[in-house]
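**Q** Before we start, here is the structure in question, set down as structure tokens.
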Amino acid sequence: MAAIPSAAPGRWQRFRESDLVYHFKRDKVAMFSFALFLTFLLLALFAPWIAPTDPYDKMSIDIMDSEIPPVWMDDGDPRFLLGTDEQGRDILSTILYGSRLSLTIGFLAVGLQLFLGIIIGMTAGYFGGRIDSFLMRLADVQLSFSTLMVAIIISAVFKAAFGGEFFSRYAVIMLIVVIGVAEWPQYARTIRASVLAEKEKEYVEAARVIGFKSGRIMFRHILPNCLSPILVISTVQVANAIMSEAALSFLGLGLPVDQPSLGALINTGFEFIFSGRWWILLFPGLVLVALVLVINLLGDWLRDVFNPRIYKG
Amino acid sequence: MLIFLLKRTLQAVIVMLVISVVAFAIQDNLGDPLRELVGQSVSAAEREMLRDEMGLNDPFIEKYGRFLKNALHGDLGNSYFFKRPALDVIIDKLGPTLELVFGATVIIVVFSIPLGVYTAIHPNTTFTKIVMALSSIGISIPVFLTAIMLTYIFAIQLGWLPSFGRGEPGQFAGIESAYFSVDGLRHLILPCIALSSIMLPLFIRLVRSEMLEVLSSEYIKFAKAKGLALNRIYYQHALKNTMLPVLTVGGVQIGTMVAYTILTERVFQWPGMGFLFLEAVNRVDTPLITAYVIFVGFIFVVTNTLVDLLYGLINPTVNLTGKGA
């Protein structure tokens, strides 16, 4: 969240008495979403210790165990709570490892977006003039294409250019880069709008009079005051990135079958749904929807609390 | 106005040029056209001669110039797989894709406007809360998951509707379309619902928030104070001003739907552009990939430019000359 409690106790005290926490304690939906999100995060983080089996370990998989339905059904096996997929992998374990990958890609891709967005948005907002209009035109143009479309085309070209094998080996990095590059304009616009508003304020004037350099004013003075809109769009962007990753993996342009994310699991499950083996698809699907939903709900709540001047586009 | 028009058109042309450079770079670096032509059995020396003859060893700019000249004549090369001009292959598949986009747009317009207006006028009813909750959930379900779920329930379990393909399209006034036959319509229902599923919640929210903004404005308060009938205020005065931003965002989103057709077409094996593109990627059919990139880029640029121009025409407060923007 906004303030990390690792700082001085005074800061922790301030955080506990802040508006954010005040609103949080009075909103059941936000508390519930946050709890669920935290659960997902912890489960994903500790997947290697929690998961009953290791889906990457080919030795532990037995093809004889394939396509077993969940425990509560007639042919269920108590070893596999949610059943197994076509290779005999435990679905619960693949989901745990899959959400780990989905979340990793989501966070890192948003990190990249944030990095690009801050540099570009700050430059455009602070310096203005020609640089500003050029960068914002660029953002407009890229936004006018669907970000999903851009991501699909870039990864399709990567895949065709480097071949399937190379692509699957570096799929995680590719996806982070593709999703990160496809969505920077969102950040750049929001940050530019906040910078424009902050730039006129007196503290910036004061800093300039003291003789601080542009870089210092931009990052030490203006940036901290733009944090709340950044936080709001970051939540939505993480949800978007997870969705984009799932869509790309579903199209076969993302993670390979032996290293499945939630989207890749759904892709595998799709082949088996016609023969009635619904559990291979349904459970990863539910986890994906739940994950995206709680992040979106948190984003909605944050937006209501901060009510920032998000660039309306 | 003329300056605005020229500026927008110029911008569109520049964007198209950038897209063509990207597309050409893809074509230039992906695959070897010579191998597609002559196979493996030609010696290295002959190959080199052929390369020179075909101009494959020319500098990038020269090759790009040729590519651009051909592209302007509508020639984007031949598809390796179909052995036909790539652009023709894509345009053949444009119809089915547009059928999906059209159906989804109809669903979105029919549902989002009444629901958005209702939820804005009655913010505290149970129905509003249900609609808003459902739209929060709807935004979080990926299109392909909705599509698969619909297929599973209505095609596999209940057997009411076909699960894939476009069926037997009908003929009407010389145009072939799935809308002109019962079989085609049955095939259209599920993909169209699936495609609209992600945009519908977005549009309900958009209509609602614009309507709320309009309802809190001065002139609506004034109309109320004047004693005008509430229905007249809502549907005649407020709705009109709500539709303006909805139209502009909507126009752009219809372009965005092209991206989502790829996902829908993959699930339903709908023979459209998106499905074609995925096949082209798997076959490394470079000319077809290039043609798709250019074609889709063209659709986006045209819709965006048109929407911008329309907006400039309808809304007098838009700064037409772009000064100070």
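Quick note, the sequences are listed as chains A and B, same order. Add 12 to the 1-based position in the first sequence for our numbering, that's all there is to it. Add 147 to the 1-based position in the second sequence for our numbering, that's all there is to it. All C-beta atoms, glycine included, are put in the ideal place defined by N, C-alpha and C. Please read all numbers here as calculations on a predicted model, not as lab measurements.
Ends of the alpha helix (DSSP H) at Pro296 (chain A)?
**A** Trp291 to Phe318
**Q** Measuring only between beta-carbons, confirm whether Leu305 (chain A) sits less than 7 Å from chain B.
**A** Leu305 (chain A) belongs to the set of residues whose beta carbon lies under 7 Å from a beta carbon in chain B.
**Q** Ignore the nearest five residues each way along the sequence and tell me which others in His35 (chain A)'s own chain have a CB closer than 6 Å to its CB.
**A** Val317, listed in sequence order.
**Q** Excluding five sequence neighbours on each side, which residues of the same chain lie with their C-beta closer than 7 Å to the C-beta of Met13 (chain A)?
**A** For Met13 (chain A), the predicted structure reports a pLDDT of 45, less than 50, and the residue's modelled location is therefore unreliable. The matter cannot be settled from this model.
**Q** Can you give the Cα-Cα distance for Ser261 (chain A) and Arg413 (chain B), rounded to whole angstroms?
**A** 12 Å
**Q** Taking only beta-carbon atoms, is Ile165 (chain A) less than 7 Å away from chain B?
**A** yes
**Q** Taking the alpha helix (DSSP H) that Leu473 (chain B) belongs to, which residues open and close that run?
**A** The requested residue 473 (chain B) is not part of the displayed model; chain B covers only 148 to 472.
**Q** Can you have a look at Lys470 (chain B) and say buried or exposed, based on whether 16 or more other CB atoms are within 10 angstroms of its CB?
**A** Unreliable positioning characterises Lys470 (chain B) in this predicted model, as indicated by a pLDDT of 45, which lies under 50. The coordinate reading is nonetheless provided below. Label assigned to Lys470 (chain B): exposed.
**Q** Could you give the DSSP three-state label for Pro232 (chain B): helix, strand or coil?
**A** strand
**Q** Listed in chain order, which residues of the region 217-231 of chain A have Cβ atoms closer than 8 Å to some Cβ of chain B?
**A** none
**Q** Taking beta-carbon pairs under 7 Å, can you tell me which members of the region 271-302 of chain B lie near chain A?
**A** Going along the region 271-302 of chain B in chain order, one finds Ser283, Ile284, Ile286, Ser287, Ile288, Pro289, Phe291, Leu292, Ile295 and Tyr299 with a Cβ nearer than 7 Å to chain A.
**Q** Closest Cβ-Cβ distance between Asn308 (chain A) and chain B: below 7 Å?
**A** yes
**Q** For Asn378 (chain B) and Asn388 (chain B), I'd like the C-alpha separation in whole angstroms.
**A** If you take the alpha carbons of Asn378 (chain B) and Asn388 (chain B), they lie about 15 Å apart.
**Q** Closer than 8 Å by beta-carbon distance: list the chain B residues that pair up with Phe262 (chain A), in chain order.
**A** Pro289, Phe291, Leu410 and Arg413
**Q** Buried or exposed: which applies to Phe274 (chain B), given that a residue is buried once 16 or more other Cβ atoms fall within 10 Å of its Cβ?
**A** exposed
**Q** Rounded to the nearest angstrom, what separates Thr452 (chain B) and Ala205 (chain A) at their Cα positions?
**A** 24 Å
**Q** Just the C-alpha distance for Leu310 (chain A) and Asp222 (chain B), rounded to the nearest angstrom, thanks.
**A** Using only the alpha carbons, I get a separation of about 50 Å.
**Q** Look at Leu247 (chain B) and Pro338 (chain B) and say whether their C-beta atoms are less than 7 Å apart.
**A** yes
**Q** Output yes or no for whether 7 Å exceeds the beta carbon distance between Ala121 (chain A) and Ala302 (chain A).
**A** no
**Q** Find out if the Cβ-Cβ distance for the pair Gly281 (chain A), Glu257 (chain A) is shorter than 7 Å.
**A** Taking 7 Å as the Cβ cut-off, Gly281 (chain A) and Glu257 (chain A) do not qualify as a contacting pair.
**Q** Give me the subset of the region 144-178 of chain A whose CB atoms are less than 8 Å from a CB atom of chain B, sorted by chain position.
**A** Ser145, Arg149, Val153, Ser156, Phe157, Ser158, Leu160, Met161, Ile164, Ile165, Ala168, Val169, Lys171, Ala172 and Ala173
**Q** Would a C-beta distance cut-off of 7 Å place Leu292 (chain B) and Gly297 (chain A) closer than the cut-off?
**A** yes
**Q** Please go through the same chain and pick out, in chain order, the residues whose beta-carbon is closer than 6 Å to the beta-carbon of Ile173 (chain B), but skip the five residues on each side of it.
**A** Here the set comprises Thr437.
**Q** Nearest CA to the CA of Phe249 (chain B): which residue from B:Ile401, B:Phe422, B:Leu305 and B:Leu391?
**A** The residue with the shortest Cα to Cα distance from Phe249 (chain B) is B:Ile401.
**Q** Answer with buried or exposed for Ile208 (chain B), where buried requires no fewer than 16 other C-beta atoms within 10 angstroms of its C-beta.
**A** exposed
**Q** What is the residue span of the alpha helix (DSSP H) that Arg112 (chain A) lies within?
**A** Start and end: Ile103 to Phe139.
**Q** Please classify Gly355 (chain B): is it buried, with 16 or more other beta-carbons within 10 angstroms of its beta-carbon, or exposed?
**A** At residue 355 (chain B) the sequence reads Arg, which differs from the Gly that was named. Only buried fits Arg355 (chain B), as 16 or more other CB atoms lie within 10 angstroms of its CB.
**Q** Would Val306 (chain A) and Phe119 (chain A) qualify as a contact pair, given that the criterion is a beta-carbon distance under 7 Å?
**A** no
**Q** Who are the neighbours of Ile173 (chain B) on chain A, taking C-beta pairs under 7 Å?
**A** For Ile173 (chain B), the neighbours in chain A by C-beta distance under 7 Å run, in chain order, Val169.
**Q** With 7 Å as the threshold, decide whether the Cβ of Met255 (chain A) is near any Cβ in chain B.
**A** yes
**Q** Quick one: grab the DSSP three-state call for Thr275 (chain B).
**A** In the structure shown, Thr275 (chain B) sits in a helix (DSSP, three-state: H, G or I).
**Q** Taking 7 Å as the CB-CB limit, is Ala19 (chain A) close to chain B?
**A** With a pLDDT of 49 at Ala19 (chain A), under the threshold of 50, the predicted position of this residue should be treated as unreliable, though the coordinate-derived value follows. Answer no: the Cβ-Cβ gap between Ala19 (chain A) and chain B never drops below 7 Å.
**Q** By the 10 Å Cβ neighbour count, where 16 or more other Cβ atoms means buried, how is Ala341 (chain B) classified, buried or exposed?
**A** buried
**Q** What's the call for Arg23 (chain A), buried or exposed, on a 16-neighbour Cβ count within 10 Å?
**A** With fewer than 16 Cβ atoms within 10 Å of its Cβ, Arg23 (chain A) is classed as exposed.
**Q** So what's Thr96 (chain A) in DSSP terms, helix, strand or just coil?
**A** In the three-state reduction of the DSSP assignment, Thr96 (chain A) falls in the strand class, which pools E and B.
**Q** Only counting runs of 4 or more residues, tell me where the alpha helix (DSSP H) segments fall wholly within the region 313-396 of chain B, in order along the chain.
**A** With a minimum length of 4 residues, the continuous alpha helix (DSSP H) runs that stay inside the region 313-396 of chain B are 329-362 and 365-373.
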